[in-house]
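**Q** Okay, handing you the structure first.
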Amino acid sequence: MSKPIRFKHKKKRYVLPEPGTTPGFIYIDGNSLKPKITLYSFSTEAIDVVQLTSLRDIANKTKDKDFSYWVEIKGLNSVELFNVFSEELKIHKLVLEDITRTYHRPKFEEYDGYNFAISRMLRLGEDSALENQQVSFIQTKNVLYTFQETYEDCLDAVRNRLKEGKGNIRLGGTGYLMYALMDMIVDAYFSVLNQWSEDMDELEDRLLSRPDKSVMYETQLVKRNLISMRRVVWPERDKMNDILRTDSDLISEQTKMFIKDAYDHCVQLMDMVESMKEIASSNIDMYLSIISNRMNEIMKVLTIISSIFIPLTFIAGIYGMNFSKQDPVTGKIMPNNMPELYQAHGYEYTLLVMAFIALVQIIFFWRKGWFK
Amino acid sequence: MSKPIRFKHKKKRYVLPEPGTTPGFIYIDGNSLKPKITLYSFSTEAIDVVQLTSLRDIANKTKDKDFSYWVEIKGLNSVELFNVFSEELKIHKLVLEDITRTYHRPKFEEYDGYNFAISRMLRLGEDSALENQQVSFIQTKNVLYTFQETYEDCLDAVRNRLKEGKGNIRLGGTGYLMYALMDMIVDAYFSVLNQWSEDMDELEDRLLSRPDKSVMYETQLVKRNLISMRRVVWPERDKMNDILRTDSDLISEQTKMFIKDAYDHCVQLMDMVESMKEIASSNIDMYLSIISNRMNEIMKVLTIISSIFIPLTFIAGIYGMNFSKQDPVTGKIMPNNMPELYQAHGYEYTLLVMAFIALVQIIFFWRKGWFK
Amino acid sequence: MSKPIRFKHKKKRYVLPEPGTTPGFIYIDGNSLKPKITLYSFSTEAIDVVQLTSLRDIANKTKDKDFSYWVEIKGLNSVELFNVFSEELKIHKLVLEDITRTYHRPKFEEYDGYNFAISRMLRLGEDSALENQQVSFIQTKNVLYTFQETYEDCLDAVRNRLKEGKGNIRLGGTGYLMYALMDMIVDAYFSVLNQWSEDMDELEDRLLSRPDKSVMYETQLVKRNLISMRRVVWPERDKMNDILRTDSDLISEQTKMFIKDAYDHCVQLMDMVESMKEIASSNIDMYLSIISNRMNEIMKVLTIISSIFIPLTFIAGIYGMNFSKQDPVTGKIMPNNMPELYQAHGYEYTLLVMAFIALVQIIFFWRKGWFK
Amino acid sequence: MSKPIRFKHKKKRYVLPEPGTTPGFIYIDGNSLKPKITLYSFSTEAIDVVQLTSLRDIANKTKDKDFSYWVEIKGLNSVELFNVFSEELKIHKLVLEDITRTYHRPKFEEYDGYNFAISRMLRLGEDSALENQQVSFIQTKNVLYTFQETYEDCLDAVRNRLKEGKGNIRLGGTGYLMYALMDMIVDAYFSVLNQWSEDMDELEDRLLSRPDKSVMYETQLVKRNLISMRRVVWPERDKMNDILRTDSDLISEQTKMFIKDAYDHCVQLMDMVESMKEIASSNIDMYLSIISNRMNEIMKVLTIISSIFIPLTFIAGIYGMNFSKQDPVTGKIMPNNMPELYQAHGYEYTLLVMAFIALVQIIFFWRKGWFK
Amino acid sequence: MSKPIRFKHKKKRYVLPEPGTTPGFIYIDGNSLKPKITLYSFSTEAIDVVQLTSLRDIANKTKDKDFSYWVEIKGLNSVELFNVFSEELKIHKLVLEDITRTYHRPKFEEYDGYNFAISRMLRLGEDSALENQQVSFIQTKNVLYTFQETYEDCLDAVRNRLKEGKGNIRLGGTGYLMYALMDMIVDAYFSVLNQWSEDMDELEDRLLSRPDKSVMYETQLVKRNLISMRRVVWPERDKMNDILRTDSDLISEQTKMFIKDAYDHCVQLMDMVESMKEIASSNIDMYLSIISNRMNEIMKVLTIISSIFIPLTFIAGIYGMNFSKQDPVTGKIMPNNMPELYQAHGYEYTLLVMAFIALVQIIFFWRKGWFK
């Protein structure tokens, strides 16, 4: 019996604030990371990257109309940080609440003077556990604020393109930059799905060559991960659609063409997730039928051997009985007691009868197709 | 055999009035609680909390335009109470009927001069049974009436905020207060779901380490609870949507922003409920496959042992037969009867043959992979 | 083996007219009941109830503008009856066809000068079989015609309210009366569902205490009944919705508020039906898993007993062989033949070996957890 | 083992033209029937039925404005026929392609000057196989052309009504005639469903009285047929809906009232098909649970008998061993070897012990409820 | 035990560029085929086919207004090719990205001056593996560019029609040509489905005559292929619908009539795919029930033989015991020890008792119906 595989419980249990707090209450989880703030100031010609220690006076640092700004905030553990947003930047407190409670679905909302969006960043961590983090975006005319829970992410490629000035990335303003980051996050879903797809191929090979319980468990695990991903991809698609249909002048028509592309990717992802889920289910069904088949084979072996030998053993048992031809005490002779034992060829005839019975049974099972 | 787990039948069977009563008939269940009435009068600066014994003349007590009022009614067992609503306050009798028949889905309806809404308050009672109560709201310009069946609830946090004047709660009028109560009720759903989620993790651990019937029963129980919760969350979302789209001037635009937030929470809840249901189903499937696997193992043990020993026992049976070499009475010698018994090494050869047969079978089963 | 439960085939097979009859052909089933006609003439002050033998000249009897009229027709077996509708009252012949072919879904249709509606009356008859009858309504400005197949129904409460003048029933005209009857019919669905809900609780108790085949059969039966009810409730909801959205001046706005209430009841019913169906399915799954568990237990008993005793029996068989130490005829001594039999303590050692083997197996099964 | 039932493969494999033919290519299957053409000329007063050998000059034969015409074409094997439609009557070649490729879903399309519709005629042929043929309609102002693949059909009732002038059939022009034919075809679906419903009742009786493999196979067969019918009924409903919503002046408002009736019939059919499918599935589940139950019973018999007798046989085996009290050669006495055999009542005590063991086991099985 | 069938993993794993490349980045897979370019210049009277080695200056070659042009590009491995599209023809770089990443769903998009569309070409390759390639279309006023990954395709029939000038193909401009190619691709889906349909009939025959594991595996394989096809057909239908609803003047109304036909074909395909999936699922269920039935039969054989012979063997065991009538050492006589052995007819009576027991059991099993 192979030892049971443990599902990897890497679930992040969100530390919820006490129920009953005021709506819009900024809840800071004491165990979360301290913020690292980076300010990217860029125009088509130039780019400047500065680490900030505080957001105080950020409005002044981002007022040059020739530049666009990206304020990247990694780690949310700072009350003072959110006070700046609330007081200086006049961000709605429900928005700030959404940023700090990092279990929201992807969404896009327009506010007076800025847009707010949430993406979910998926990554396969060690042990192939699915890590699922929230990235929040506040986009104003010339500043994009991003918030993420951890210091590591999958966005370095965008940072490099920004620094090197490749493609549209410095031309499109904050709208295009936000798109580029979101697109990067969605692209990462494809890598995750590809990994799972390879896992499933490998599981399928094992299913057909040497199916055991672990195949079942791991297929269930992939299926469960697909359920999680579906919960992310569906609202992601809706989010992209909301951005497409917005009238906000913060999102240009050119950027919307790219958003349309990202929307198509989401639809593609949904297709893939649904198909993979169906295939996982069908593999589980197949596993169950393999188990049933195997049971049939086991039972056939038992039945063939038992059915052949039990009657023969019975016959042997008959002639192992001790009915006496002669009473040992009185010497009375009882000729009807087991006369076969005293025939010259009784033993040989008995063996022949046994062989015949076995043969009949073997033929019977053969014709039933049990030897195949 | 472990003893069967009893499903906890804490279902509240509603005492229905006789079919055929007039629509709008106010039905008072004689076993329900007598009403406790509390009047909260609050403005941004002040708050006053009074216990009332009757609602007579409530219109006069709530006529100060500078104040908003919350009339909290706990326990519905009073005909006189509803007469006040019907006669003094001119509330439609279908509304009053809905309040007294406490099995309605969440909904929001606009009437002439007031809004009517129903929420369902879910709580895990003792033994983890799901308690499901109706909270009804009648909201006029400056008075909010709430009705609930029991004295205990999950709304103390809102009462405290109201008394302490935290956040918007005293600024937003009856609309915001109604939202705050509804939001509190929806927040409580998250706690319930979190509890079930932990239960399911624990069940999953048991499923993989020591699966027995109770795992199956309890997973089914969680699944059933999820079905109940889904029946509440879907119409709750629709209700929030109805409030968002209403033109009623009793709900301000600012309040609607908060309602939008509550709407998002409902969508989030639906996501969680559906995922958990899928995971529960997949665990039940897994349990069934574990049962099948276990059956296979049991059968393998039986088949291996039977298949090895039954043929050997047959051989032993053969040489236990009493075919005689010599007739005890006549003394006739029959040399063909079981000559093996009279060979110098017959016994040893026989044991060798048996060992060989056992070995062949063990190899056969080994190669079939049955020892794994 | 308990004897199989018979499903109760109380299905009413509709006697269909020959295919190919003209559309609008009035088909009278010869086995149906002769009509009993009652005319209720009522105003807010007065009510008069008369039995009619024929509908001839009904237009004259119902022409007083101060009165509303309810013509109740129980039993449809009369060609002459339908001729009156067709010729005197100018009712469209497709409407009359729908009335006589009593297998239609609930629906609401507007015609020139009158409305036509169908409800389905559900009742639990003897043996808990579900009886499903059609009630048709033709509503004109001041006359409501109702048609039902049988003399018994669940509408007496409405008749009593009408006679006693309780509530709105005499004020609302034919529209409110039609609503009151429809609402009564929908209310009866709740009683039916309540009965099934109690049946299912009882089945669940049996499932967990003493599951046998009958639990399975009866749960399937409830599930099937729920399928039938769903086929009635969905179109009933659509019908209510059609009435809500109609512009017909035969349905007043006040009545529509009540219809909205009935609509909510239908949604509630649909919720309940779907949940109960899900619970029934989950109970059937549970039954199947109980069967599997039981099989496992049976197999464990067999395997434990067989596995312990078969090897021991084999050992006993070994020492039951008759290999001779001395040839009975020649007297030759063969010391290698079963020397164990001639050891002073051979028997005791053998018993000890057997006990040891049994112990090893018991420990093995114990550690596999098979004794739990 | 009963012999397997063969599914009736009466599937008509459509002989497809080579892929890559021009769209609109008229493909004539050489094995199909030669056309028989009948021209019905009718007005409210008169009707004239003529067999035609060719459609050439059909425009002239159908130009009398006082008459409506029905050109019925049975058998499609004639290139010349379609040339007339293409050249003389200016029918779009995609329409003609749809007519000749007889595997289309029901649909309704408006063209310039004519309407085109497809119905599917279902019939239970011999062996209860479902026959599924295409009937196509081209409706112009005063001529209705119908095309069907075979000479037999279910439309004689309509022909008779037309000849006898019953009902609206001669008044309503080509629109009503087309409706009458379509309605006749839909009516035939009800007969088919009724037949299946009776089959399912009979299968259910067999399922509960003597379930065997054939019940399973035949239920699956019915289910498969229902899947086929669903594929016809859904688009049929959509077709009716398209006709209802058309602005074409070839379909009068009066006719649309009848079409609405046919639409209701389609909805009714869909309801019935879905319910029957659900019931078929539930019967298959029930069959599987019956199989499992039966397996349990079989295993119980085996386990009870084996468990009782295997230990007893072991005891008998013990006392069948040949451990000697006295060495036959040396005469040495070994008093510890099987002293029980030489006790005065050893045999009786042994039998008692055996009976006691059997009794204990019987009680054990009894309390487990295995004898029920 | 038949050897496991391997699923054919012919999945094309797309070589994805590094995540994080600029959106619109043209990724050329180094292993793909070098482009072969063919230019078809055609008018209603003439056609000219030229092989090109480069697309440079293509604008000049396709400027004759009297002609329409088809530029067919097979193989995408050329950066220079896409530079022409990007620079000379001003095609949006997201379009070019979609062309080079050949895993997109079918879609239709309008751009300024041209339309872009994707189809997926399905073919059954060797070993019945499903090959799935992307065909992309760029349609301008008078030039149609098509892109495909491989040199082989299913479009020769269209090329031939074009060369021979059959049907509309030279009259309809680039819009009709694009339709003709798309229609050809959709037509090929029917061939694929037909092949699978035949496979499934054959599998069904095997299922009913000699079901083994391979039937299960191959049915699952077909089901999986159907899932893949469904992923293609659904968006294909949406694409056709998008073309139908476009206002683009590049698609004429006449062409739209043909597109409507192709749309109908897609709906037809979806119907077929869904039905076949349902039938495949139902066959898998049937296979599982056959396995269960077979298990029942195996167990019946085992149980009948064991149950009959085990008790008989026990009786034989009893009389094989060696309880002595006389102590061999002391000569004491013990008359109660197995007196049956010393009866004159003990052996015969014993055999009769055995026969009786066997008979009783046979009757018992017969009445349980186990011999059927």
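Protein chains in written order, with the numbering used here: chain H, 1 to 372; chain Z, 373 to 744; chain Y, 745 to 1116; chain W, 1117 to 1488; chain D, 1489 to 1860.
We put the beta carbon where it would ideally sit given N, CA and C, even for glycine.
Values in this document were obtained by computation on a predicted structure and should not be read as measured data.
Note down the Cα distance separating Z/C526 from Z/L496, rounded to an integer number of angstroms.
**A** One-based indexing of the second sequence puts residue 526 of chain Z at position 154. One-based indexing of the second sequence puts residue 496 of chain Z at position 124. C-alpha separation (whole angstroms): 11 Å.
**Q** Just the chain D side, please: which residues come within less than 7 Å of W/F1425 by C-beta, in chain order?
**A** Within the fourth sequence, numbered from 1, the residue matching residue 1425 of chain W stands at position 309. Near W/F1425 (Cβ distances below 7 Å), the residues of chain D are I1798, P1799 and F1802.
**Q** Can you name the residues of chain Y whose CB is closer than 7 Å to the CB of W/F1439?
**A** Here residue 1439 of chain W refers to the residue found at position 323 when the fourth sequence is read from its first residue. Neighbours of W/F1439 on chain Y, chain order: Y1063, L1085, G1090 and Y1091.
**Q** So that I know if they touch, is there some Cβ in chain Y lying closer than 9 Å to that of W/E1488?
**A** Translated into positions along the fourth sequence, residue 1488 of chain W becomes position 372. Note on identity: in this sequence residue 1488 of chain W is Lys, with Glu being the wrong assignment. Closer than 9 Å: yes.
**Q** Is H/I333 closer than 9 Å to Z/T675 when the C-beta atoms are compared?
**A** Working through the second sequence from its first residue, we reach residue 675 of chain Z at position 303. Working through the first sequence from its first residue, we reach residue 333 of chain H at position 333. For Z/T675 and H/I333, no; Cβs fall outside 9 Å.
**Q** Which residues in chain D have a C-beta closer than 7 Å to the C-beta of H/R170? List them in chain order.
**A** Here residue 170 of chain H refers to the residue found at position 170 of the first sequence. Those do not exist, as H/R170 stays about 12 Å from chain D at its closest Cβ, beyond 7 Å.
**Q** If I measure Cβ to Cβ from D/A1804 and keep anything under 6 Å in the same chain, skipping five residues before and after, which residues do I get?
**A** Taking the first residue of the fifth sequence as 1, we reach residue 1804 of chain D at position 316. Correct list: empty, nothing qualifies.
**Q** Can you give the Cα-Cα distance for H/K164 and H/E253, rounded to whole angstroms?
**A** Along the first sequence, read from residue 1 onward, the residue named residue 164 of chain H stands at position 164. Along the first sequence, read from residue 1 onward, the residue named residue 253 of chain H stands at position 253. Position check: residue 164 of chain H holds Glu in this sequence, whereas Lys was assumed. So the two alpha carbons sit approximately 25 Å from each other.
**Q** Could you check if W/M1303 is buried or exposed, using at least 16 other CB atoms within 10 Å of its CB as the buried criterion?
**A** The residue labelled residue 1303 of chain W in the question sits at position 187 within the fourth sequence. In the sequence on display, residue 1303 of chain W carries Asp and not Met. Looking at its Cβ environment, which holds 16 or more other Cβ atoms inside 10 Å, W/D1303 is buried.
**Q** Would you kindly work out how many angstroms separate the C-alpha atoms of Y/L1085 and W/P1451, rounded to a whole number?
**A** For the purposes of this step, residue 1085 of chain Y is taken as the residue at position 341 of the third sequence. For the purposes of this step, residue 1451 of chain W is taken as the residue at position 335 of the fourth sequence. For Y/L1085 and W/P1451, the distance between alpha carbons rounds to 12 Å.
**Q** From which residue to which residue does the alpha helix (DSSP H) around Z/V515 run?
**A** Residue numbering aside, residue 515 of chain Z sits at position 143 when the second sequence is read from its first letter. Run containing Z/V515: none in the alpha helix (DSSP H); it sits in the beta strand (DSSP E), V515 to Q520.
**Q** What's the gap between the Cα of W/V1469 and the Cα of D/K1860?
**A** Sequence index remark: in the fourth sequence, residue 1469 of chain W carries index 353 (1-based). Sequence index remark: in the fifth sequence, residue 1860 of chain D carries index 372 (1-based). The alpha-carbon atoms of W/V1469 and D/K1860 are separated by roughly 39 Å.
**Q** So, is Z/V604 buried or exposed, given that buried needs 16 or more other C-beta atoms within 10 angstroms?
**A** Counting from one through the second sequence, the residue named residue 604 of chain Z turns up at place 232. It counts as buried.
**Q** Measure the alpha-carbon distance for W/D1182 versus W/Q1167 and round it to whole angstroms.
**A** Within the fourth sequence, residue 1182 of chain W is the residue found at index 66, counting from 1. Within the fourth sequence, residue 1167 of chain W is the residue found at index 51, counting from 1. Those two C-alpha atoms are separated by around 21 Å.
**Q** Ignoring anything shorter than 3 residues, give me the beta strand (DSSP E) runs that lie fully in the stretch 412 to 488 of chain Z, in order along the chain.
**A** List check, beta strand (DSSP E) in window: 419 to 424, 440 to 446 and 479 to 483.
**Q** Using a beta-carbon distance below 9 Å, is Z/K384 in contact with chain Y?
**A** In the second sequence, counting from the first residue as 1, residue 384 of chain Z sits at position 12. For Z/K384, the predicted structure reports a pLDDT of 49, less than 50, and the residue's modelled location is therefore unreliable. A value from the coordinates is still provided. No - not a single Cβ of chain Y is within 9 Å of the one on Z/K384.
**Q** List, in chain order, every chain W residue whose beta-carbon is nearer than 9 Å to that of D/E1766.
**A** The residue given as residue 1766 of chain D occupies position 278 in the fifth sequence. By Cβ distance, chain W contributes K1339, R1340 and I1343.
**Q** Between Y/G819, Y/L820, Y/L840 and Y/N821, which has its C-alpha nearest Y/F1135's C-alpha?
**A** Because chain Y in this structure spans residues 745 to 1116, residue 1135 of chain Y falls outside the shown range and cannot be described.
**Q** Would the beta-carbon of D/A1605 fall within 9 Å of that of D/M1672?
**A** If you number the fifth sequence from 1, residue 1605 of chain D lands on position 117. If you number the fifth sequence from 1, residue 1672 of chain D lands on position 184. Not a contact, by the Cβ cut-off of 9 Å.
**Q** Using a Cβ cut-off of 7 Å, pull out every chain H residue sitting near D/M1701, in sequence order please.
**A** For the purposes of this step, residue 1701 of chain D is taken as residue 213 along the fifth sequence, with counting starting at 1. In the sequence on display, residue 1701 of chain D carries Lys and not Met. What D/K1701 touches in chain H: N293.
**Q** For the alpha helix (DSSP H) containing W/F1412, list its first residue and its last residue.
**A** Stepping through the fourth sequence from its first residue, residue 1412 of chain W is reached at position 296. In the sequence as displayed, the identity of residue 1412 of chain W is Asn instead of Phe. Residues E1369 to I1434.
**Q** If we ignore side chains and look at the alpha-carbon of each, how far apart do H/K3 and H/Y217 end up?
**A** Along the first sequence, read from residue 1 onward, the residue named residue 3 of chain H stands at position 3. Along the first sequence, read from residue 1 onward, the residue named residue 217 of chain H stands at position 217. Only weak support is given to the placement of H/K3: the predicted model assigns it a pLDDT of 40, under 50, and the question is left unresolved by the model.
**Q** Would you identify the three-state DSSP class for Z/L622, choosing helix, strand or coil?
**A** Working through the second sequence from its first residue, we reach residue 622 of chain Z at position 250. If DSSP states are grouped into helix, strand and coil, Z/L622 belongs with coil.
**Q** Grab the span of the alpha helix (DSSP H) containing D/F1844 for me, first residue to last.
**A** Locating residue 1844 of chain D in the fifth sequence gives position 356, counting from the first residue. Note, D/F1844: alpha helix (DSSP H), G1834 to R1855.
**Q** Can you grab the Cα-Cα spacing for the pair H/C266 / H/P235, in whole Å?
**A** Start at 1 with the first residue of the first sequence, and residue 266 of chain H comes out as number 266. Start at 1 with the first residue of the first sequence, and residue 235 of chain H comes out as number 235. Approximately 9 Å between the Cα atoms of the pair.
**Q** Look at the alpha carbon of Y/R800 and the alpha carbon of Y/L833, and state the distance between them as a whole number of angstroms.
**A** Here residue 800 of chain Y refers to the residue found at position 56 when the third sequence is read from its first residue. Here residue 833 of chain Y refers to the residue found at position 89 when the third sequence is read from its first residue. Those two C-alpha atoms are separated by around 10 Å.
**Q** Starting from the beta carbon of W/N1452, find every residue of chain Y whose beta carbon is closer than 7 Å, and list them in chain order.
**A** Position 336 of the fourth sequence, counting from 1, holds the residue named residue 1452 of chain W. Within 7 Å Cβ-Cβ: A1088, H1089, Y1091 and E1092.
**Q** Quick check: D/Y1775 and D/T1707, are their CB atoms within less than 9 Å of each other?
**A** Working through the fifth sequence from its first residue, we reach residue 1775 of chain D at position 287. Working through the fifth sequence from its first residue, we reach residue 1707 of chain D at position 219. Yes. Within cutoff.
**Q** Measure the C-alpha to C-alpha separation of Y/K851 and Y/D982 and round it to an integer number of angstroms.
**A** Residue mapping note: residue 851 of chain Y aligns to position 107 of the third sequence, counting from 1. Residue mapping note: residue 982 of chain Y aligns to position 238 of the third sequence, counting from 1. The alpha-carbon atoms of Y/K851 and Y/D982 are separated by roughly 7 Å.
**Q** By a C-beta neighbour count over all protein chains shown, 10 Å radius and 16 as the cutoff for buried, is W/Y1185 buried or exposed?
**A** Mapped onto the fourth sequence, residue 1185 of chain W falls at position 69. Buried.
**Q** Is there a C-beta anywhere in chain A that falls below 9 Å from the one on Z/P407?
**A** Protein chains in the displayed structure are H, Z, Y, W and D, and chain A is not among them.
**Q** Less than 6 Å between C-beta atoms, sequence neighbours within five positions excluded: which residues of the same chain meet that for Z/L466?
**A** Stepping through the second sequence from its first residue, residue 466 of chain Z is reached at position 94. Excluding sequence neighbours, Z/L466 sits near G396.
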